[in-house]
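J.: Sequence order for the protein chains is A and B.
Quick note on numbering: our numbering labels position 493 of the first sequence as 493, and the sequence is numbered without any gaps.
Position in the second sequence (from 1) plus 1000 gives the number in our numbering.
Quick one: this structure, given as structure tokens, is what I'll be asking you about.
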Amino acid sequence: MSFEDAELLKEFVVESQEHLSDVENQLLTLESQGDSMDVALVNTVFRAVHSIKGAAGFLGLETLQGLAHREEEVLNKLRNHELRPTSVVINTLLKATDRLKGLLDEIDDSNGQDVSEHLVALERILSGDADTLSTTFVTTDTPVEVASSASTDGLSGEVLREFLVESYDNLEQLERDLMSLERNQGASEIINSAFRNIHTIKGTAGFLGFSKLEKVTHVAENLFGNIRSGKMKLGSDVSSGLFKMIDAVRQILSCIERHNDEGEENIEPLVTLLSSLGDDAPTDGGATKAKAKATSKARALKAGNAKSQPPAALAHGTNKNASVQTKSKPLSKTSSTKLTAPVTKAVTHLTIEKTTSSEIPNVLANPETPAAASEKPAISMVESAEQASPQTMSQKPAKGDSEVSAADSTIRVDVSLLDKLMTCVGELVLARNQILQFTNGKVESELHGTSQRLNIITTELQEGVMKTRMQPIGNVWSKFPRLVRDLAVICEKQVRIEMEGKETELDKTIIEAIKDPLTHLVRNTVDHGIERPEVRLANGKAAEGCLTLRAYHEGGQVNIEICDDGAGLNFERIKAKAIERGLMTSEQIARMADRDVGNLIFLPGFSTAEKVSNVSGRGVGMDVVKTNIEKIGGTVDLQSQHGLGTTVKIKIPLTLAIIPALIVSNDGNRYAIPQVNLLELVRLDGDQVKNGIEWIQGSPVYRLRGRLLPLVYLREQLMTQADAAAEAEALNIVVLRADDRQFGLIVDRISDTEEIVVKPLSKQLKGVAVYSGTTIMGDGRVALILDVMGLAHSSNVISGVRDHSVGDHLGRENASRSHLQSFLVLRVGESRRYALPLDQVTRLEKIDTGLVERADQQEVVQYRGEILPLIRLSECMGVPSLLSDVSLMDVVVYTEAGRSVGLVVDQIVDIVESELTNTRATQRAGLINSAVIHGHVTDLLDLPAVIRMVDPTFFQDCTSA
Amino acid sequence: MIATKQLCTFKLGSHLFGVDAQSVQEVIRYQEMTKVPMAPPAISGLINLRGQIVTALDLRFRLGFGKLEGDRKPMNVVVRSDDGAVSLLVDQIGDVIEVDDRNFEEPPDTLSGAARDLILGAYKLEGQLLLLLDCDEAVRIAPDKKE
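Below you can see the structure in the form of structure tokens.
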């Protein structure tokens, strides 16, 4: 290597990466601008690439230099309007830029790398042969991470860090505001909030001496000022400009974070752009003038409405409170020394709203302050103009100081401290539970009263501490509208984003952890999930696709769903790909349900995308998503219907949570069931214990208000031994919800609901699917928390094969209950299907063929102390039965007026709800008609007629009896 | 220099075992346990150790010994592991013994089965062998591997 200084090289890499991080977005903007592209922006890109080229040449990085040089040439042509920013050109540039980034990443052997492909592509563009280029290009992120950075330059690191953290926050808020403003033009609070945000950044930047930052934010502030005064509309050009501004500010911030200076990036084009967007571009002279004017205007206000404004000032101060965080002390020192008149007053009013009432007259005496807070556009000018002047410098500290007082109500706390607090509270809750249990037995003791108080206080404390760590998921989502908007532009799609459950709160650490996976999924959805408008229209959908983000709590877990109404997964293609890539064998594939096939895309190295786009398609993404979610103990599940859309469901456990749970016991052990999964409790006693539960093909069911509820014995699931004394006189069914299915869990005893502290399972127990955690009960013993989803899976309540869900059923039921009838579907012989109205069925039994006896020319069995005559449906219908050599046969028991008859069938297929359509009359005895039930032609049995065929006296006896 | 270390000793059947005293959090008598149905058989249950939930491992099972006879209750040697504290159920607790590395010997090749993986070697004490248990290995139970 021809350079000696590793430091220098490192600096070059970092600097160049920064240059490039914005180039991508800028190129995309250029593309979207098309022929009306902003030459200033091209210049920015050009300069970025140029400086890389220069430095690379100096450092002897020939490959880098060469590639940058070729890219620069193309940009030059763009700049001179010799080329149009078509997607091919931009794509090639992006691709080359990515390659540059790649080279920077492996700077040590960058000279040995092959970039000829890119050189050729760029060359082709230069020679006007662009059309033959491939359009593949590569994706990159521009991550903006807040990391602690030490600093020098006389600024304490603390101050700088807080500034950065705050400004990032403010920017994020600003971005959100801007998004909603685009949709909702006139919303004055949002404009105000945006104005305040940008103003705060500007103010602090000025104080800290970041002149570039100040300049950019200043022009933006002016724009907002104009918008808020109604002078300007927020057109798409303006908002794009403002978005660019946000990006630029972000970039400067990250630069400050890393190097303590604002970087080399030229912001002039942006400033010019933003200025030109505003009606009155503030040139140096103009700004001064405006300032003078504003000051005089403020004075005029002082004379005019001296007494009437203070409330507004207070209101303003409070608003600030919301957007401003702590400022540290050094700021206030300067503020007391050299303050310009109007600003002094601003400080005063902001201070008083935090301090005593005695200072209120002060405010009354200083009415410029309200003016500063009022909606006059001139006001932004007061704090404007050439920011480097000493006057401005002194003005900024004042702002800082005002923020100190305004923000006293919030502090930043180390998360680890909160963690510790949380653990302590968890212990306290357990101790509380123990004490409560202890005192509950004793009546009216002094201890009783005290423990009650302890109870209440603990609960409050617990809630409080929990809240400190919680953040609404909306914080993560807030950046998605922008992301979706940009991606949609790139992909030439129309996408609307909807959010449900924004306020769903998650632990802070979890919020951090899901940020990236969610971003990836959203990206994927826009890129792959949602079709192009023309395709959508052709498929009878609205041109605009809809991406829905949904979050809610379920069973001590947070569910996050990302749904789209796009094309859905192409299962056949996934299968083919999986086989092609050797991830699965064709036998494995053949056995898989669609749901499982969908989840194949989470396998590493899986991508069905024909080409890799800049958005997604490299096949690493989904694998990374899954790994990241699983790292925090979550799960990812994917459901898709071809042509209708895809839903990705993420479940994240709250390991550090205190949740209400139902305590049940079974075979001497206690278990906690998260309340969220709980629907209701059913208790069967007396006769019902025996008769309430019916069996279909060996699966117990219970009729819960007319619907069949699959039952699961906890004993069977846990494979525990029944207590000898457990022959209970009552049966307890805990009706649970897992996903969208319901099932009943049969337990020995149901105790009470209790607040439990969820503790994670030890490593040795992680693999046991039926538990989600452990907890300590009031008596100090450990109880296991049942994982309802796990139970549902292990008991096959959820198999992924059934396509209809309880939710669907309920919906349909309400809509058209009157048309629906429940049928028991039976099979006889190879393929003959028969249906019986379910209400004619008393019971379904499996009867050992060995028990069949004969009486009076007829097959009978002894059944519940009676003789049950058997009718073989195959014989009645003249269909050959396949039931020759089975030991158990399925029998449908029909009871009428105390007499029963058993109908022997080959197989009980299902219980279905169906409308009777497509019926065809039939002449055959014993049949009502034929109909299509669930896609099969099914003969509807006339059971009384069938019985009469075999035993003509059956009903006569009934009536005579 | 003579390298010595302290071992916390305990008995399983007639064998004397030791674990590095550094890794032992505490030694407690028998505790009520919550059984965990469906768990790997080496897991005896869960213990509440002053608010900390500790998984109790049946060391007899891990080493291929039979069940503890009669009504005797095992004792807990609570060791620290990467994944929090784990209790090893043993028959009887012994002293903390200082051992000399010169008396250490690798296990003979004839040793087989589960013991092979869990025993690091033996200290030749007078009249008795002190078997050094590999703590990390002992608490490592693959979740899906039913032993």
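We put the CB at the ideal spot given by N, CA and C, even for glycine.
Since this is a predicted model, take the numbers as computed values, not measurements.
Nearest to L67/A by alpha carbon, out of R532/A, S276/A, T92/A and H520/A?
T.: Ranking R532/A, S276/A, T92/A and H520/A by Cα distance to L67/A puts T92/A first.
J.: Which of helix, strand or coil does DSSP assign to H81/A?
T.: DSSP places H81/A in coil when its eight states are reduced to three.
J.: Starting from D1098/B, find everything on chain A with Cβ-Cβ shorter than 7 Å and list it in chain order.
T.: Going by the sequence as given, residue 1098/B is Glu instead of Asp. Under the 7 Å cutoff, chain A gives no residues; its nearest Cβ is about 31 Å from E1098/B.
J.: For the alpha helix (DSSP H) holding D261/A, just list the boundary residues, first then last.
T.: Neither: D261/A is in no alpha helix (DSSP H) and is coded neither H nor E.
J.: Would you mind working out which of R432/A, L78/A, I659/A and L421/A sits nearest D35/A, comparing C-alpha positions?
T.: Ranking the options by Cα distance to D35/A, first place goes to L78/A.
J.: Please list, in chain order, the residues of the stretch 1016-1036 of chain B that have any C-beta partner in chain A closer than 9 Å.
T.: Going along the stretch 1016-1036 of chain B in chain order, one finds E1032, M1033, T1034, K1035 and V1036 with a Cβ nearer than 9 Å to chain A.
J.: By the 10 Å Cβ neighbour count, where 16 or more other Cβ atoms means buried, how is R453/A classified, buried or exposed?
T.: Flag for R453/A reads exposed.
J.: Which complete alpha helix (DSSP H) runs does the stretch 5-49 of chain A hold, if anything under 4 residues is left out?
T.: Correct list: 6-33.
J.: At what residues does the alpha helix (DSSP H) containing T118/A begin and finish?
T.: At residue 118/A the sequence reads His, which differs from the Thr that was named. Start and end: S116 to L126.
J.: Please decide whether N1048/B counts as near chain A, where near means a Cβ-Cβ distance under 8 Å.
T.: It does: the Cβ of N1048/B has a partner Cβ on chain A nearer than 8 Å.
J.: Report the option in S188/A, A55/A and L41/A whose CA atom is closest to the CA atom of G241/A.
T.: The candidate whose alpha carbon is nearest that of G241/A is L41/A.
J.: By alpha-carbon positions, which one of L421/A, G426/A, S87/A and A551/A ends up nearest to N475/A?
T.: Among L421/A, G426/A, S87/A and A551/A, the Cα nearest to that of N475/A is on A551/A.
J.: May I have the straight-line CA-CA distance separating A730/A from V689/A, to the nearest angstrom?
T.: Taking the straight line from one Cα to the other gives about 6 Å.
J.: With a CB to CB cut of under 6 Å and the five nearest residues on each side skipped, what residues in its chain are close to G566/A?
T.: Excluding residues within five positions, the ones whose Cβ falls inside 6 Å are G529, I530, E531, G545 and G645.
J.: Mapping the DSSP letters down to three states, classify Y1030/B as helix, strand or coil.
T.: Reduced to three states, the DSSP call for Y1030/B is coil.
J.: Where does the unbroken alpha helix (DSSP H) through F218/A begin, and where does it stop?
T.: The sequence shown places His at residue 218/A, not Phe. Unbroken alpha helix (DSSP H) run through H218/A: S211 to R228.
J.: Does K231/A come out as helix, strand or coil in the three-state DSSP assignment?
T.: Residue state, collapsed to three classes: coil.
J.: Taking C-beta to C-beta, are K759/A and T774/A nearer than 8 Å?
T.: In this structure, T774/A lies closer than 8 Å to K759/A by Cβ.
J.: How would you label P952/A, buried or exposed, when you count the other beta carbons within 10 angstroms and need 16 or more for buried?
T.: It is exposed - the Cβ of P952/A has fewer than 16 other Cβ atoms within 10 Å.
J.: Would you say V1139/B and S1081/B are within 8 Å of each other, going by their C-beta atoms?
T.: Contact: yes.
J.: Thinking C-alpha only, which one of E264/A, T720/A and H218/A is nearest T272/A?
T.: Looking at the Cα atoms, H218/A is the closest of the given residues.
J.: Could you tell me if Q1022/B is buried or exposed, where buried requires 16 or more neighbouring beta carbons within 10 angstroms of its beta carbon?
T.: Counting Cβ neighbours within 10 Å, Q1022/B comes out exposed, since fewer than 16 surround it.
J.: Under a Cβ-count criterion, where at least 16 other Cβ atoms within 10 Å of its own Cβ denotes burial, should H19/A be classed as buried or exposed?
T.: Classification of H19/A: buried, given that the 10 Å Cβ count is 16 or more.
J.: Could you tell me whether the stretch 677-696 of chain A touches the stretch 582-591 of chain A, where touching means 3 or more Cβ pairs closer than 8 Å?
T.: They do not touch, by the three-pair rule.
J.: Please list the partners that P1040/B has in chain A, where partner means a Cβ-to-Cβ separation under 9 Å.
T.: Ordered by position in chain A, the residues that pass the 9 Å Cβ test against P1040/B are Q764, L765, G767 and V768.
J.: Name the residues in the stretch 1048-1065 of chain B whose C-beta lies less than 7 Å from a C-beta of chain A; which are they?
T.: The stretch 1048-1065 of chain B vs chain A, Cβ under 7 Å: N1048, G1051, I1053 and T1055.
J.: Beta-carbon of G1113/B versus every beta-carbon of chain A: anything under 8 Å?
T.: So, not an interface residue.
J.: Between I776/A and chain B, is the shortest Cβ-Cβ distance under 8 Å, so that the two count as touching?
T.: Output row for I776/A: interface = yes.
J.: On the three-state DSSP scale, how would you describe D685/A?
T.: Strand.
J.: Any C-beta of chain B within less than 7 Å: which residues of the stretch 408-433 of chain A qualify?
T.: From the stretch 408-433 of chain A, only E427 and L430 have a Cβ closer than 7 Å to chain B.
J.: Return the chain-ordered list of same chain residues with a C-beta closer than 7 Å to the C-beta of P472/A, the five sequence neighbours on each side being excluded.
T.: Excluding positions up to five away in sequence, the list reads K502, E503, T504 and E505.
J.: By the three-class DSSP mapping on this structure, what secondary structure does S831/A have?
T.: S831/A: coil per DSSP, three-state reduction.
J.: CB-CB under 6 Å to V1148/B, same chain, minus the five flanking residues each way: which ones, in chain order?
T.: Nothing can be reported for residue 1148/B: it is not among the residues displayed for chain B, which extend from 1001 to 1147.
J.: Please classify I514/A as buried or exposed, where buried requires at least 16 other C-beta atoms within 10 Å of its C-beta.
T.: Result: buried.
J.: Between which two residues does the beta strand (DSSP E) harbouring V1015/B extend?
T.: A quick correction: the sequence has His, not Val, at residue 1015/B. It spans H1015 to D1020 - the beta strand (DSSP E) in which H1015/B sits, taken as one unbroken run.
J.: Counting along the chain, where does the beta strand (DSSP E) carrying R412/A start and finish?
T.: Taken as a continuous stretch (DSSP letters only), R412/A belongs to no beta strand (DSSP E), as it is neither H nor E.
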